[in-house]
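Participant: Under my numbering, the residues of the sequence shown are numbered 41 to 298, in order.
Below is one structure. I have some questions about it.
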Amino acid sequence: MDYETITWELADGVGVLTLNRPEVMNALNSQMRAEITQAIQAGQQRARVIVLTGAGRAFCSGQDLGDAASADELDLERVLREEYEPMLRALRTCAVPTVAAVNGVAAGAGANLALAADVVIAAHSASFVQAFTRIGLMPDAGGTWALPRQIGMAKAMGAALFAERVGAEQASAMGMIWEAVSDESFEAHWQARAATLASGPTLAYGAIKQALRESFGNGYEAQLALEARLQGACGQTDDFREGVAAFLEKRQPEFTGR
Ligand code: LHQ
Numbered sequence: 041m042d043y044e045t046i047t048w049e050l051a052d053g054v055g056v057l058t059l060n061r062p063e064v065m066n067a068l069n070s071q072m073r074a075e076i077t078q079a080i081q082a083g084q085q086r087a088r089v090i091v092l093t094g095a096g097r098a099f100c101s102g103q104d105l106g107d108a109a110s111a112d113e114l115d116l117e118r119v120l121r122e123e124y125e126p127m128l129r130a131l132r133t134c135a136v137p138t139v140a141a142v143n144g145v146a147a148g149a150g151a152n153l154a155l156a157a158d159v160v161i162a163a164h165s166a167s168f169v170q171a172f173t174r175i176g177l178m179p180d181a182g183g184t185w186a187l188p189r190q191i192g193m194a195k196a197m198g199a200a201l202f203a204e205r206v207g208a209e210q211a212s213a214m215g216m217i218w219e220a221v222s223d224e225s226f227e228a229h230w231q232a233r234a235a236t237l238a239s240g241p242t243l244a245y246g247a248i249k250q251a252l253r254e255s256f257g258n259g260y261e262a263q264l265a266l267e268a269r270l271q272g273a274c275g276q277t278d279d280f281r282e283g284v285a286a287f288l289e290k291r292q293p294e295f296t297g298r
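Quick look at the structure:
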């Protein structure tokens, strides 16, 4: 599949999706949203982890503000429902772990695209901006859902109202993202993280994603039942048998993702 606004590379089970419109800081237009959706849906069949990153100095600057002739002509509700939602849903429901390797600024819907990934790793020079109020909007692309869950209501409200840049280290400290690493080690670091996930127990990862995400809607009893059901399925996998055998034989497991 040939893409124009992104690139897709698959090697050793790691699928790397690079947002590739660096001249506009990887702003999202219709074509890019469609290509991201397509690449994730197709990629999850073959990759054991999918990494999103950006070409150039930004991760993603959100909606392409030069995309419509004028703000009046842009039907925001339609664009969100028909173009953003499929992309966000593809990322959120992806069968394999997803990593946002945030190489630079992530603004507006670009920040919330990153936060929809399972794991967010950012370079120290990267930042997250809920830029929406600067142009008279409210956070979208799942931001009002993710932020209060990840950083609590007080920080979510401040981030949304003030639209200030939150640096990578601050984002890590407040629980918005998994980790911030030095610019020098960033690429090697996320590649190593991705390699770990690509050689791990893929079906268990899928169960983890489901259990943690559903926990916010479940009471304790329902969550215990969900864990038991999902763990029952993990117990039927080749990777569980291999994991136990490797432990008993005092060697590293070789997980196949089955
Ligand atoms: C851009 C953009 C951009 C086009 C930089 N578009 N060109 C969803 C549904 C439908 C509609 C409405 O919105 C949404 C959700 C949203 O995402 S709304 C929020 C949209 N995003 C923003 O408001 C962020 C706008 N960008 C910025 O605030 C800054 O550019 C950031 C903080 C990202 C980076 O600042 P700087 O590092 O100072 O770079 P810069 O501002 O100089 O930008 C570099 C170039 O990229 C520049 O073009 P130029 O030709 O002058 O070099 C910008 O115009 C262009 N660019 N973001 N979103």
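Positions of the beta carbon are idealized from the N, C-alpha and C atoms, including for glycine.
Near isoleucine 76, what residues of its chain come up, given a Cβ to Cβ distance below 7 Å and the 5 sequence neighbours on each side ignored?
Facilitator: Ile46, Leu57, Met127
Participant: Would you give the residue range spanned by the alpha helix (DSSP H) that valine 284 belongs to?
Facilitator: 278-288
Participant: The ligand LHQ and isoleucine 175: does the residue's C-beta get closer than 6 Å to at least one heavy atom of that ligand?
Facilitator: yes
Participant: Indicate whether the contact test is met: 3 or more Cβ pairs, each with one atom in the stretch 235-248 and one in the stretch 203-215, closer than 8 Å.
Facilitator: no
Participant: Tell me the rounded alpha-carbon separation between glycine 275 and arginine 97.
Facilitator: 44 Å
Participant: With DSSP as the reference, identify every bridge partner of tryptophan 48, one or two as the case may be.
Facilitator: Leu57
Participant: Is glycine 144 near the ligand LHQ, with its Cβ less than 6 Å from a heavy atom?
Facilitator: False, no ligand heavy atom lies under 6 Å from that Cβ.
Participant: Going by the C-beta, is methionine 127 closer than 6 Å to any heavy atom of the ligand LHQ?
Facilitator: No, since every heavy atom of the ligand LHQ falls outside the 6 Å radius drawn around the Cβ of methionine 127.
Participant: With a threshold of 7 Å on Cβ separation, who are the neighbours of valine 54 within its own chain once the five nearest residues in sequence on each side are excluded?
Facilitator: Ala87, Val89, Val91, Ala234, Ala235, Ala238
Participant: State the DSSP-derived secondary structure class of arginine 291, mapped to helix, strand or coil.
Facilitator: Three-state DSSP puts arginine 291 in coil, outside helix and strand.
Participant: Let me check one thing: in DSSP terms, what residues is glutamine 103 bridge-paired to?
Facilitator: Leu68
Participant: What are the start and end residues of each continuous alpha helix (DSSP H) run of 4 or more residues lying completely inside the stretch 225-269, in chain order?
Facilitator: 226-238, 242-254
Participant: Looking only at its chain, what residues have a beta carbon closer than 7 Å to the beta carbon of cysteine 134, apart from the 5 residues adjacent to it on each side?
Facilitator: Within its own chain, the residues whose Cβ lies closer than 7 Å to the Cβ of cysteine 134, once the five positions on either side in sequence are excluded, are Ile80, Gln84, Ile90, listed in chain order.
Participant: Could you pull the start and end residues of the alpha helix (DSSP H) that leucine 153 belongs to?
Facilitator: 149-155
Participant: Using three-state DSSP, classify alanine 108 as helix, strand or coil.
Facilitator: The answer is coil: DSSP assigns alanine 108 none of H, G, I, E or B.
Participant: Alanine 163 by DSSP, collapsed to three states: which one?
Facilitator: strand
Participant: With a threshold of 7 Å on Cβ separation, who are the neighbours of aspartate 107 within its own chain once the five nearest residues in sequence on each side are excluded?
Facilitator: Asn69
Participant: Given a cut-off of 7 Å, decide if alanine 163 and alanine 140 are closer than it, judged by their beta-carbon atoms.
Facilitator: no
Participant: Relative to the alpha-carbon of valine 206, which residue among Leu177, Arg269, Ala232, Val142 has its alpha-carbon at the smallest distance?
Facilitator: Val142
Participant: CB-CB under 6 Å to proline 137, same chain, minus the five flanking residues each way: which ones, in chain order?
Facilitator: Hits under 6 Å: Val89, Asp158, Leu237, Tyr245.
Participant: Which parts of the stretch 163-197 are runs of the beta strand (DSSP E), unbroken and 3 residues or longer, counting only runs that do not cross its ends?
Facilitator: 167-169
Participant: In whole angstroms, what is the alpha-carbon distance linking glycine 176 and valine 119?
Facilitator: 17 Å
Participant: Nearest by alpha-carbon distance to asparagine 300: which of Leu201, Lys249, Asp104 is it?
Facilitator: With the chain covering 41 to 298 only, the question about residue 300 has no answer from this structure.
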